[in-house]
Amino acid sequence: MKLLSRRHDLVCQQVVELVTDYLEGSLSRSDRRRFEAHLRACPNCTAYLEQMRVTIATTGSLVPEDLSPEARQEFTELFHRWRQDDA
Amino acid sequence: MCVLTHERNPRAGGMPAEKRRPSRHRTGAGAPTLRSVDSDADLLARLRAGDEDAFVTLVGRYNGSLLRLARAYVPSDAVAEEAVQDTWMGVVRGVDRFEGRSSFKTWLFRILLNRARTAGVREPRSVPLTDDEPAVDPTRFTTAGAWAEPLQPWEADADDRLVASTWTTTLLQALDGLPPRQREIVVLRDVEGLPSEDVCTVLGITEGNQRVLLHRGRSKLRTMLETELATRGR
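Taken in order, these protein sequences are the chains called D and X.
Sequential numbering from 4 applies to the first sequence in our numbering.
Sequential numbering from 550 applies to the second sequence in our numbering.
What follows is the structure, given as structure tokens:
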């Protein structure tokens, strides 16, 4: 957590560094209030937060690369060998 | 260990290779991808009963993330592949002892991390935290710290465009381009969706360190997507 000055409103450059703390719910109550107050007044930072959310969602929607047929074959053989060793 | 009832025959219908194809594309609701068809728990149950298809499906599901993580620890791709193969061996041999207290994913990544650390040379557990890695290029702000130029909101269809299959490659490359410590956190949290506490346990780091690394990794991915969206046109 960053040490924020209590006396001033947050500026955009600080807000972008607090986005993850905000999304993780780790801002103190007063810092969260200041963060949200800034968002209400700042369409740019509101857009930025939305972009971060889209980024996270996009990363989360990655579909695993397909195994190559050779890899499938190899893992199938390994599977049987490992189970045999076990028995 | 044949106490399981097979509600579905894994081989019914055949053609597993062809059926995998459409799963690359994340289509809307109602079009299940392979990933959503069988839960990990289902596959584990079938794996215990000796079902090779269930095993290979699990491998297909997690091998990419395992490799991505292993590479953060070991000097070469070959060693990473070895560590990942060792991990799958650990799964096959340990599945009867897996009690399900943690999720399969957490168990799996814990095995990997143990193997990778044994095989690896890098072990920087303490993360040097400096402020020289801003989330956004400082030149985009005025001296007073406000955005110098209005930020282009991503249009409503940005989501759709971003999840389109063409983005997969770009995003995976960006992920592989992240510094190793950031990459492992982003893979575990955002790609695999592990809870924060599990990630801290598996990696042996504090919540604070995790947040810093997650922040830097996500910020870089956002920058990359922003650049791509601008390049490809709106």
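Ideal placement from N, C-alpha and C gives every residue a C-beta, glycine not left out.
Between X/VAL601 and chain D, is the shortest Cβ-Cβ distance under 7 Å, so that the two count as touching?
One point to set straight first is that residue 601 of chain X is Glu, not Val, in the sequence displayed. Yes, because at least one Cβ of chain D sits closer than 7 Å to the Cβ of X/GLU601.
For the alpha helix (DSSP H) that contains X/ALA632, what are its first and last residues?
626-643
Expressed to the nearest angstrom, what Euclidean distance is found between the alpha-carbon atoms of X/THR692 and D/GLN16?
Straight-line Cα distance between these residues: approximately 10 Å.
Comparing the C-beta of D/ARG84 with each C-beta of chain X, is any distance below 7 Å?
no
Can you name the residues of chain X whose CB is closer than 8 Å to the CB of D/ALA50?
The answer, in chain order, is LEU700, GLN701, PRO702 and TRP703.
So, with DSSP's three-state summary, where would you put X/PHE690?
Of the three classes helix, strand and coil, the one that applies to X/PHE690 here is strand, per DSSP.
So, using beta-carbon positions, are X/CYS749 and X/GLU756 closer together than 7 Å?
yes
Contact between the region 67-82 of chain D and the region 601-615 of chain X (3+ Cβ pairs under 8 Å):
yes
Might you give, ordered along the chain, the residues of its own chain that have their beta carbon closer than 7 Å to the beta carbon of X/SER614, omitting 5 neighbours on each side?
VAL736, VAL740 and GLU741
Please report how far the alpha carbon of D/GLU53 lies from the alpha carbon of D/ASN47, in whole angstroms.
Approximately 10 Å, taken between the alpha carbons.
X/VAL586 burial status per 10 Å Cβ neighbour count (16 or more: buried):
By the Cβ-count criterion, X/VAL586 is exposed, with fewer than 16 other Cβ atoms from all chains shown falling within 10 Å of its own Cβ.
Straight-line Cα distance separating X/ALA594 from X/SER588:
X/SER588 and X/ALA594: Cα-Cα distance of roughly 10 Å.
Is X/SER572 close to chain D, meaning its C-beta is less than 7 Å from at least one C-beta of that chain?
Residue placement at X/SER572 is flagged as unreliable, the pLDDT there being 37, under the threshold of 50; a coordinate-derived value is accordingly withheld.
Taking Cβ positions, are D/ARG75 and X/VAL605 nearer each other than 7 Å?
yes
I believe X/VAL751 touches X/PHE658 by the beta-carbon criterion, under 8 Å. Please report the beta-carbon distance rounded to the nearest angstrom.
Right, the Cβ-Cβ distance comes to about 5 Å (below 8 Å), so this counts as a contact.
Buried versus exposed, by CB contacts within 10 Å (16 or more), X/GLU733
X/GLU733 is buried by the Cβ-count criterion.
Between X/ALA632 and chain D, is the shortest Cβ-Cβ distance under 7 Å, so that the two count as touching?
no
What number of angstroms, rounded off, separates the C-alpha of X/ARG570 from the C-alpha of X/PRO744?
With a pLDDT of only 35 at X/ARG570, under the threshold of 50, the placement of this residue in the model should not be trusted, and no figure is reported.
Assuming X/ARG620 and X/ALA629 form a contact by the criterion Cβ under 8 Å, report the distance between their Cβ atoms to the nearest whole angstrom.
5 Å
Secondary structure at X/TRP696, three-state DSSP: helix, strand or coil?
strand
Would D/ALA60 pass as a contact of X/LEU700 if the rule is Cβ separation under 7 Å?
No, these two residues do not count as a Cβ contact at 7 Å.
Straight-line Cα distance separating X/PRO624 from X/PRO729
12 Å
Considering X/SER614, what are the terminal residues of the alpha helix (DSSP H) in which it resides?
601-619
Complete runs of the alpha helix (DSSP H) confined to the region 11-76 of chain D [at least 4 residues]
You should have 15-26, 32-44 and 46-63.
Apart from the five residues just before and just after X/TRP637, which ones in its own chain have a Cβ nearer than 7 Å to its Cβ?
VAL608
Alpha carbon to alpha carbon, how far is X/MET773 from X/ALA723?
7 Å
Please list, in chain order, all residues of the same chain as X/ARG765 whose beta carbon is under 6 Å from its beta carbon, the five residues on each side excluded.
For X/ARG765, same chain residues with a beta-carbon under 6 Å away, outside a window of 5 residues either side, are GLU682 and GLN731 in chain order.
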